[in-house]
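Here the structure comes first, spelled out in structure tokens, and everything after it is commentary.
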Amino acid sequence: MKFLFRYIAIAIFITTFGVAIAQSQQALKVSSTDIPVETFSGSKKQSDNANTDRALRINLTVDDTTFLKVKEGQEVKKGDLLVENTLESDRLNKQRQSVVLQIENLKSKALPQPFEPKAAPAIANLPAANFLEEESNIAQAKLRLQQAQSTLESRRPFLLADNPEARAEVEKAEAGARSASEKVQEQEQLIKTMQDLRLDSPVLRHEEAKLKQAIAESEQANSAFDQAKGKLASSAIVQRQELEKLEVALQLAKSELNLAHSKLQTARDNRKLVEYRASIESAQRVEQQNEANLAYTRQLQEFAQQQRDRDYQLAQLQISLSSIDDKISLIPVVRSPKAGYIRRVKPWVGSNGKYSTTITISSSRPSSKNGASNRPTQTNAISDATSQGDTDE
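Residues -22 to -1, 1 to 371, numbered by mature numbering (1 follows the signal peptide of the UniProt record, and there is no 0), are exactly what the sequence shown covers, in order.
As structure tokens, then:
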């Protein structure tokens, strides 16, 4: 019977050992042929060390198959271009070159500047009466005055009244001091009663100790009450100072408004004087000098108009250039999220004017041997040049 049990135990051991060997060989075979797959997401960064031995499958959808810039077996680095809308990029770049050339031509074009007549000094017409600066100063002074009045009126009730927080703190401290004082009086009355009754000394000493503690608490409460009253007084001083500042600011605003009105009146008087002198000087000029000056004025106006026209054209071209640059910057591209080799590019599949494919990037160079499959077991889609990438089949 013992031999039978021994035989059964040996058979079980040999069977278990054989199964373990077969499983280890199968695990070695799978680990030597399967490549772990990296899960790539456009919104989450992966560490470089974790990407070293992983393969990546990317689904792409484009408008034209020529947008794909890689091929099977090609080595890529992290950040290399995988997909780009070359047709649109080339078209926009040509437009940009044309606009830049037009801008350079306009800038290089020199405008002839008119020459001042030498026969007699030109008479410059007086500019139109302009009191915008003085009127603007008056408007600003009025606004500052209104603000000062509004601030003073809104703050005056609060500044004339006690600070609510400080007042509440004083009342609280006063109540605490009153309560502590009452405790002292009660304790003193209790001790006096006990002394009249001639109670034991230990009891009296205990109550006297409680009296000392009550006295200390009363002194502390009185100190807190004094501090609260000091804070209230300090707050009242600060409020009074703020009220005085607001009143001073109001007076300054009124003074500034009066000064602005005075400057406006002075400017109007000066303008009348200048116009009077100009009329006298103009009457003394001869007709020939007037004609020369008028001709020169027309030339200046034409020159200024030419400059404005050129500046307007340059501004329009700059707007066009900025628009083209914005369109170029908005052309979507797909870059390699890791370094490796293009192991496989699936055949293109067309649907609704779009073309879809899947490329696989592995860290190791693709092998030409027909062995175990290196196909990744997991995939993740990525946005392409025109739309959201497809999910894997």
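For each residue, glycine too, the CB sits at the ideal point set by N, CA and C.
What are the boundary residues of the alpha helix (DSSP H) that residue i is part of?
i, result
"Ile81", "64 to 86"
"Ile320", "Here Ile320 belongs to no alpha helix (DSSP H); instead the beta strand (DSSP E) covers 318 to 323."
"Asp41", "Looking at the DSSP string, Asp41 is not in any alpha helix (DSSP H), and its letter there is neither H nor E."
"Glu225", "179 to 261"
Using the three-state DSSP reduction, which class does residue i fall into: helix, strand or coil?
i, result
"Ser341", "coil"
"Glu53", "strand"
"Leu168", "helix"
"Arg134", "helix"
"Glu143", "helix"
"Phe281", "helix"
"Arg176", "coil"
"Ala126", "helix"
"Gln294", "helix"
"Asn108", "coil"
"Ala273", "helix"
"Glu94", "coil"
"Ala102", "coil"
"Leu89", "coil"
Give me whichever residues DSSP pairs with residue i in a beta bridge.
i, result
"Ile36", "Ile337"
"Ser329", "Lys332"
"Val312", "Val61"
"Leu46", "Val61"
To the nearest angstrom, how far is it from the Cα of residue i to the Cα of residue j?
i, j, result
"Gln3", "Thr39", "The predicted model places Gln3 with a pLDDT of 36, which falls under 50 and marks its position as unreliable, so this point remains unresolved."
"Ser159", "Leu137", "34 angstroms"
"Lys72", "Arg288", "23 angstroms"
"Val181", "Leu210", "43 angstroms"
"Tyr333", "Arg343", "27 angstroms"
"Glu195", "Leu221", "39 angstroms"
"Leu60", "Lys47", "5 angstroms"
"Asn330", "Asp304", "28 angstroms"
"Arg156", "Ile169", "20 angstroms"
"Lys49", "Gly318", "13 angstroms"
"Glu94", "Gln284", "18 angstroms"
"Val77", "Leu295", "6 angstroms"
"Arg74", "Ser67", "10 angstroms"
"Glu280", "Leu89", "11 angstroms"
"Arg145", "Arg176", "46 angstroms"
"Arg276", "Thr64", "52 angstroms"
"Ala127", "Leu121", "The amino acid occupying residue 127 in the given sequence is Gln; Ala does not appear at that position. One C-alpha to the other measures close to 10 angstroms."
"Leu237", "Ala231", "10 angstroms"
Is it the case that the CB of residue i approaches a heavy atom of the ligand SAM more closely than 7 angstroms?
i, result
"Asp247", "Ligands in the displayed structure: none, and consequently the ligand SAM is not present."
Assess contact between the stretch 271 to 281 and the stretch 150 to 160, defined as three or more Cβ pairs (one per stretch) separated by less than 8 angstroms. Is contact present?
no
Stretch pair the stretch 206 to 221 + the stretch 110 to 120: three plus CB contacts closer than 8 angstroms
no
So does the stretch 245 to 256 actually touch the stretch 121 to 137, counting three or more Cβ pairs closer than 8 angstroms?
no
Is the stretch 336 to 345 touching the stretch 81 to 88 in the sense that three or more CB pairs, one from each, lie closer than 8 angstroms?
no
At a cut of 8 angstroms, does the stretch 314 to 333 reach the stretch 33 to 47 through at least three beta carbon pairs?
yes
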